[in-house]
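Read through the structure below, which is laid out as structure tokens, and then see the notes.
There are 4 protein chains.
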Amino acid sequence: MKTISTSLASLQSRLQKIRTQTETICKPLEPEDTVVQPMTDVSPPKWHLAHTTWFFEEFVLKPYLPNYKVFHPSYSYLFNSYYNSVGNRVQRDQRSTLTRPPLREIYTFRNHVNEQLGNLLENPNETILAEMLPILELGMQHEQQHQELLLTDIKYILSTNPLLPAYSSAPTSEKTQYVPATYHEVPGGIYKIGCQGSDFCFDNELGVHEVLIPDFKVMNRLVTNAEYLEFMEAGGYTDFRFWLDEGFTLAKTSNWQSPLYWVKQNNRWQRYSLHGLQDLDLNAPVSHISFYEANAYANWAGKRLLTESEWEAASQAYPPANGNFSDTGILEPTAAKPDQNGIQQLYGDLWEWTYSAYHPYPGFSMAPGALGEYNGKFMINQMVLRGGSCATPSDHIRTSYRNFFHPDKRWQFTGIRLATT
Amino acid sequence: MKTISTSLASLQSRLQKIRTQTETICKPLEPEDTVVQPMTDVSPPKWHLAHTTWFFEEFVLKPYLPNYKVFHPSYSYLFNSYYNSVGNRVQRDQRSTLTRPPLREIYTFRNHVNEQLGNLLENPNETILAEMLPILELGMQHEQQHQELLLTDIKYILSTNPLLPAYSSAPTSEKTQYVPATYHEVPGGIYKIGCQGSDFCFDNELGVHEVLIPDFKVMNRLVTNAEYLEFMEAGGYTDFRFWLDEGFTLAKTSNWQSPLYWVKQNNRWQRYSLHGLQDLDLNAPVSHISFYEANAYANWAGKRLLTESEWEAASQAYPPANGNFSDTGILEPTAAKPDQNGIQQLYGDLWEWTYSAYHPYPGFSMAPGALGEYNGKFMINQMVLRGGSCATPSDHIRTSYRNFFHPDKRWQFTGIRLATT
Amino acid sequence: MKTISTSLASLQSRLQKIRTQTETICKPLEPEDTVVQPMTDVSPPKWHLAHTTWFFEEFVLKPYLPNYKVFHPSYSYLFNSYYNSVGNRVQRDQRSTLTRPPLREIYTFRNHVNEQLGNLLENPNETILAEMLPILELGMQHEQQHQELLLTDIKYILSTNPLLPAYSSAPTSEKTQYVPATYHEVPGGIYKIGCQGSDFCFDNELGVHEVLIPDFKVMNRLVTNAEYLEFMEAGGYTDFRFWLDEGFTLAKTSNWQSPLYWVKQNNRWQRYSLHGLQDLDLNAPVSHISFYEANAYANWAGKRLLTESEWEAASQAYPPANGNFSDTGILEPTAAKPDQNGIQQLYGDLWEWTYSAYHPYPGFSMAPGALGEYNGKFMINQMVLRGGSCATPSDHIRTSYRNFFHPDKRWQFTGIRLATT
Amino acid sequence: MKTISTSLASLQSRLQKIRTQTETICKPLEPEDTVVQPMTDVSPPKWHLAHTTWFFEEFVLKPYLPNYKVFHPSYSYLFNSYYNSVGNRVQRDQRSTLTRPPLREIYTFRNHVNEQLGNLLENPNETILAEMLPILELGMQHEQQHQELLLTDIKYILSTNPLLPAYSSAPTSEKTQYVPATYHEVPGGIYKIGCQGSDFCFDNELGVHEVLIPDFKVMNRLVTNAEYLEFMEAGGYTDFRFWLDEGFTLAKTSNWQSPLYWVKQNNRWQRYSLHGLQDLDLNAPVSHISFYEANAYANWAGKRLLTESEWEAASQAYPPANGNFSDTGILEPTAAKPDQNGIQQLYGDLWEWTYSAYHPYPGFSMAPGALGEYNGKFMINQMVLRGGSCATPSDHIRTSYRNFFHPDKRWQFTGIRLATT
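Protein chains in written order, with the working numbering: chain A, 1140 to 1560; chain B, 1140 to 1560; chain C, 1140 to 1560; chain D, 1140 to 1560.
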């Protein structure tokens, strides 16, 4: 992973800001909300708060702060996520056993580690600093990833509650408008794919390589709820012709008849959002669909999904403007804007499923040591998503960013963009 | 179910005491402890607090307090346990989805219902009172049952936490002594079995009937940890000859090698208790064993378990003295006392597994309406336990009391008493 | 187990007849039918043919025929059912892996063992004979039990085939008549329960003991298909009030809406039988129901099932006449006969579910050695059935005979008889 | 799919040969072997025999032979594999319910269809012929695919039998020699990938497209048992650093410690083969490993697997010579030959796992109708394998052939070839 050079003061301030943001996200929660795990994919918010802190303690303070004493001898066991190199840990599906330490104790842990990171950055040894900075940067990026996970996991947790409580009150929203779908040429050719600048990126973006891409056309915005409803009403969920076989079987056995969080009451579609149950905005992009649904929709529409190289080529051809990220506080995808030329919503709103498996780039190799486990060991059975979402911090995304989930997952902020030849 | 006649004032005071006791049990918990459900058998403590209150609202306030307005329209759905007659409800294994309402709201609910029950009992209509009193009594008995369940569920919840936190500090304990096992004659004959007095009992104790019981001998105390360790060290867990086949298979696939909560560290046996991890008291009765283990132990020892009729006959022959109930605050089983004649520990310390299926007594019939679902529908695949435990309130037990659990359950305070012909 | 004294010649002839009968049962099968195992409860017919032979080899020939050489060194591993004492074995749910040895080889095995048993009985040593005869008797009884299992397993195997092939052609049947239900007094008192004569019985029937039984009334025949249909049409399968909770849940999750083998086509009920799909005979007894369904029916009808002591008392009061056993070749239950006094169908037609758990009689103890595993280790979670069925050999049944299955099982020939107080 | 032009006579003869070959493969089986299904991936051989015949009946005879009457009205339901377009069918995991029709009946079905295909080809209408020929060709290719599946499924079926019977006797084998591993340059550049000639290929090979491939080096032969043993003895199966996370978890929970079919007895490794249990030939290629194991081995060896484009580029650079296909009758992979230059074993011996997901080529689209379900709906969660195996007919393979299995599958003839940059 590459890192940025920066003044220590601005680093301190950025670190502080990121650490605070995580706590801001958790502020609306009851202590009880922070400990449950309604499915294995979801982690208890308290665990996120602790794990992101453990990351700094384990990979920054322990190696680089002389005489650092760990906050609690058991926390490495309790809050290690999946680093075999670091040792044994609470199994992923057992995170709700951690009713203790209580939430307030985790905040004490956070404060302690924040303070010690401050000490570490006060009078740093230059050699150590050079070695440590990339890891500190990774810690901040890691915490930002968990900020998105916190929002998606909180959404899922609250949605399982029969009371369907809102996480936050809805922002005032203007009436949205219909934006017609158009397709825009992306010229074929050899594209450089992967992280090319000197700014931070994850190891899975490295191994810049050239890919030969044929001409294709890309949709100007994300697929909307209205368009997806058409697919549903045309019997999309029960017509095998549009589906990958495993997806069709899953849809049947799981009784999928709409995206996750959709609820039909009195013949009216609503959807659970972080602001509670809301009427479906037909112009907003359809979200919380699996890869299987995205691909079935594309087949039904006579189009297809992009590959990840195509997505990156498209965003090189049409550099994405600022989008609807978590900074806006909206926390749900919003409708495309009328009267805009070019390609909208490449950044923010929703992660876009690509028809590319999450595999290593040519020349990828896992880093040695624990941090080599960060990305590489997950490169099977998952699909790449691109572009960030309304739950992603705006300074966390870039064109080469590769997110990845299994094709059946629906609790992330996922959406659909189409392509055609 | 029968009920006791009583002055309204003493009833009020008893009701108040029982309601308060439930909250006292929950006082040492963090809010996070009160919401998780590490296995389906265990309910979140917050749910117990709410459900026992729902019981009074549903079965007492709604029918008998004129113009009673329910505290919250969703609570009947949220906190109904298993009463089909009352309607739909949160599925048993989904109780940890109830992170909301938060704990403090449940206390408000409790206070509200307490207050309204107070109003109801202020100036009661005599006819209504006569109809209502048995149900009020049932509500109090029901809440006492949940007090025991709270203690067993809290124990289980905290035991799954890698930190093994204590629920409460251990009482000062004297050094225990070894009490030899002796066997005492119970004369054969026709015994009246079932609830015979006019005091309260559950419907499953009614249908008093005569049972012809042959002479047998009953052990003077519960089987001790030392005696059970002998069985373990003799290879008891791997010798099929002593086991029921389903139990042996379960022990193998679940890797049972000791009672629940036993931990061997540095070649020393300890056990998790409500007071944290403690050294094994060899003279204390073995607890947290399944029926399968109890029966295997009995076979290994060349003895057998009692039937429930025999247990009741024995307790008619040797009326049980006061025992170690939850009132003592010890909350764990204690060793038998030396220099005592007769039969000890029939009451309190541990529920005693009998080799009797939990079936209806002759003449049993389910009551009409929702309360008919209280007991009768569980009369299959479960075994009867007798005598109460260290987690049972002392005024909740009687000779005819039938507790029941599946033969594989271990999280209750269960123990072994032997018999021989 | 007790055994009968008998002349060697008649013993030989009886042994021969029983051994041949097993093969007669398998004659209509294709080799492919004999190897599959569509559910764990069902064993492949080829396995039954081999296992009953293994029983004689293991328990008679090996110990009692000097210099006996086993037919094949692996067969003890392949065809041991559940005797831990005998050693490792193919797991119960893996019996369909035994495509080899092929069927014809199993017949060679059978002939070999038959021949050697003949040799053994030619010039027996008197002392050895005395020891061996009870085991030989057990082997024959054991084989008769497997004859019934063969018929029930074959029925199940063929029923899973979409072609619904018939096992044999239907016997010519006369038109049946409706026989009204009547209830007959069984006088209360102390009854001797258990096997009292000197004829053979299983160890689980021993421990004759006295049971005090109150007056009750018993139904004159089995519950009919017409009566059960009424229950179904009254919504019996969806009305929780009649059901044990575990049964109701199972019925829902398994989507039970009728007895096993019932098929509704074009609004007409048919049932799969050993003679293929047939119209429902409304006067025939309802069969292939679980204990849960039997008990729900009884509750709906305002009656109850008998206990096993009551059943035995009833059959002492009304000694059963000859019934519809496998010898008749009908192989399905038949309607009660009109114009008969007293109690019909106590023997044959269908095993009658009782509301008694299969537990040890007072004084029961497992025999030492492998044969102690025959019955005792199954005495949990199962319910007793009485009276034999249309798949039971007529010389295999007696009043004290205790059959036992889990309350959810439906593939046996099970039925319902009601009682009332 | 493309097809070849050919004279009708040679077509007839080829069809005949292929149909006969399937039966030849099944000749050594007992009827009982042909009906079981020890895991869902495996189909009963009888089902293969019928399904390949059903394919011709459904897709050739029904549409193209005037007045064709189906052999049996239920066979379309019984022997349809996964074609939703054709209608309902026996669920994949329920194929062992088909004990009827018996094997001999399936052969009658085969003969009937063969005869009718002969009639169809006698005096064909030219227009119909043009339409039908590609489907007939597909039917033959389809049957050849099932010939390979028959061999792998038979191997698995017999391997679950504790007797470990041999399918056929082993061919005489010469002593093998060690061939050192060398790496050969494949020059980078733009390669045309996909089926380019006019011969038959599957639809998933179409959409010829250009891929930019950098320089790389490819191993001269497959990885051997000796090399894989080194990995095992170095603790490969327990060292997480070499594994994809899902693979490592699977290896642990499935207790994988060696390739499938390996057995260690008396400290000596043997492997189950179609010729029974045999000593491990250290020079033979390691087989029956999952993608996870192949990839872990590559990581341990400091190399990597090829992508499917690289494999195709390599085979364009080093055109594969004839290999060890099913025609040789060896039916197990054989050691590389000494003193050979260039790249061996690209064709035959073992399918080579690539690190490429089985996704559509650019421009791929499913054919309309039932045959569109042939390949496209499986394009998720599977990895591409290349080159054919010792169970593949030699006239069934080509450079562009894409086989595909889930990364956890081990019962196919799979192997490892390494690459490096």
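Here a beta-carbon is modelled for each residue, glycine too, at the ideal position from N, C-alpha and C.
Who are the near neighbours of Glu1265(C) in its chain, counting only those whose CB is closer than 7 Å to its CB and skipping five residues on each side? none
Is Arg1541(D) near Asn1262(D), with beta carbons less than 8 Å apart? no
Examine chain C for any beta-carbon lying closer than 8 Å to the beta-carbon of Thr1560(B), and answer yes or no. yes
Could you tell me whether the region 1428-1440 of chain D touches the region 1375-1387 of chain D, where touching means 3 or more Cβ pairs closer than 8 Å? yes
At 9 Å on the CB atoms, spell out the chain B contacts of Gly1502(C), in chain order. Pro1353, Thr1560
Starting from Tyr1436(B), trace the alpha helix (DSSP H) both ways and give me its first and last residue. 1430-1439
Closer than 7 Å at the beta carbon, the chain D residues around Asn1223(A): Phe1379
What residues of chain A sit near Asp1601(D), judged by a beta carbon separation below 8 Å? No information on residue 1601(D) is available, as it lies outside the stretch 1140 to 1560 that chain D covers here.
Cβ shell of Trp1382(B) (< 8 Å), same chain only, five flanking positions each side left out: Ala1390, Tyr1431, Asn1434, Ala1435, Asn1438
By how many angstroms is the C-alpha of Glu1276(B) removed from the C-alpha of Ile1143(B)? For Ile1143(B), the predicted model reports a pLDDT of 42, less than 50, meaning its position is unreliable; a value from the coordinates is still stated below. When rounded, the distance between both Cα atoms is 8 Å.
Determine, using beta-carbon pairs with one atom in the region 1189-1207 of chain C and one in the region 1250-1257 of chain C, whether at least three such pairs fall under 8 Å. yes
Spatial neighbours of Thr1553(C) within its chain, please: C-beta separation below 7 Å, excluding the five flanking residues on both sides. Ser1426, His1427, Ile1428, Leu1489, Trp1490, Trp1492, Leu1524
Below 8 Å between beta carbons is the criterion; list the residues of the region 1235-1254 of chain B that meet it against any residue of chain A, in chain order. Ser1235, Thr1236, Leu1237, Thr1238, Arg1239, Pro1240, Pro1241, Leu1242
Does the beta carbon of Thr1173(D) come closer than 8 Å to any beta carbon on chain C? yes
At 7 Å on the CB atoms, spell out the chain C contacts of Glu1197(D), in chain order. Simply none; closest approach about 17 Å.
Whether or not the region 1468-1479 of chain B and the region 1440-1452 of chain B are in contact is what I'm after, with contact meaning three or more pairs of Cβ atoms, one per stretch, closer than 8 Å; do they touch? no
Show which residues of chain C have a CB atom less than 7 Å away from the CB atom of Ala1506(B). The premise fails here: Ala1506(B) is roughly 11 Å from chain C at the closest Cβ pair, so nothing lies under 7 Å.
Members of the region 1381-1402 of chain D that neighbour chain A once the beta carbon cut-off is set at 9 Å: Trp1382, Leu1383, Asp1384, Glu1385, Gly1386, Phe1387
Count the other CB atoms within 10 Å of the CB of Asn1114(A); is the residue buried (16 or more) or exposed (fewer)? In the structure as shown, chain A begins at 1140 and stops at 1560. Residue 1114(A) is therefore absent and cannot be evaluated.
Classify Gln1409(C) as helix, strand or coil using the three-state DSSP reduction. strand
Does the region 1498-1517 of chain A touch the region 1449-1469 of chain A, meaning 3 or more C-beta pairs lie closer than 8 Å? no
With a threshold of 8 Å between beta-carbons, can His1190(D) be considered close to chain A, or not? no
Cα separation between Lys1141(B) and Leu1345(B)? Here Lys1141(B) scores only 43 on pLDDT, less than 50, and its place in the model is too uncertain to base an answer on.
Let's test the definition: count the other Cβ atoms within 10 Å of the Cβ of Gly1327(C) and tell me whether it reaches 16, buried, or not, exposed. exposed
Taking the C-alpha atoms as reference points, what is the distance between Ser1152(A) and Asp1172(A)? 30 Å
Distance between Thr1161(C) and Gln1176(C) (C-alpha atoms, nearest Å): 19 Å
Would DSSP call Ile1157(D) helix, strand or coil? helix
Could you list which residues in chain D have their beta carbon closer than 9 Å to that of Ile1164(C), in chain order? Here the premise fails: no neighbours, minimum Cβ distance about 16 Å.
Cut-off 8 Å between Cβ atoms - residues of its own chain near Lys1356(D), not counting five sequence neighbours on either side: Tyr1322, His1323, Glu1324, Val1325, Ala1558, Thr1559, Thr1560
Locate the alpha helix (DSSP H) running through Asp1418(A), then write down its first and last residues. Taken as a continuous stretch (DSSP letters only), Asp1418(A) belongs to no alpha helix (DSSP H), being part of the beta strand (DSSP E) at 1415-1418.
Have a look at Gly1527(B) and Phe1370(C) and give me their C-alpha separation to the nearest angstrom. 40 Å
What does the alpha-carbon distance come out to for the pair Ser1397(C) and Pro1183(C)? 26 Å
List the DSSP bridge partners of His1323(C). Val1357(C)
When the cut-off is 8 Å and only beta carbons count, does Thr1553(C) lie next to chain B? no
Is there a C-beta anywhere in chain B that falls below 8 Å from the one on Glu1349(C)? yes
Quick check on the DSSP output: what are the complete beta strand (DSSP E) runs of length 3 or more inside the region 1260-1295 of chain A, in order along the chain? none
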